[in-house]
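Note sheet for the following structure.
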Amino acid sequence: METFELIAFEMTYQHHTVQLSFTSAELVRVTEYGDRLWYVDINGVGDRELLAWFGRSEDIGVELTAVAKSGQTFRGKGYFHPNEPHQAAAVRGDGELSEQ
């Protein structure tokens with residue numbers, strides 16, 4: 021398991037692109053039996069309207085670009101799961117996560 025502290029997170033959904041503000045976020049990549057799974061945990065999300073929109077929407081698919089504190093850039097597709105009461109969210113990765 022690898023963990024990357026994120027300093028920037030941008031996502032695109034339904035032809036909208038947003039630079040998400042947050043207090044902390046981490047990307048976790050798990051390799052198990054040859055499979056690679058990944059997810060992002062985001063805390064302190066500043067955009068309450070965005071969390072509420074995703075909470076009501078059935079279309080939660082996003083494309084993301086995340087920049088780690090270490091300088092790596094990650095790109096992938098996933099599903100955005102808001103946690104409105106805690107001003108947090110999780111992105112469950114769907115498929116390959118590319119790294120630059």
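Numbers in our numbering are just positions in the sequence shown, counted from 1, shifted up by 20.
For glycine and all other residues, C-beta sits at the position ideal for the given N, C-alpha and C.
Q: Could you check what DSSP says for L70 in three-state terms: helix, strand or coil?
A: Three-state DSSP puts L70 in a helix.
Q) D116: which of E46, E83, P102, Q107 sits nearest, CA to CA? A) Checking the sequence shown, residue 116 turns out to be Glu, not Asp. It is E83.
Q: Find out if the Cβ-Cβ distance for the pair Y33, V48 is shorter than 8 Å.
A: no
**Q.** Segment limits, beta strand (DSSP E) that includes I62
**A.** 55-63
Q) What do you get for A86, buried or exposed, if any count of 16 or more other CB atoms within 10 angstroms of its CB means buried? A) A86 counts as buried, since no fewer than 16 other beta carbons sit within 10 angstroms of its beta carbon.
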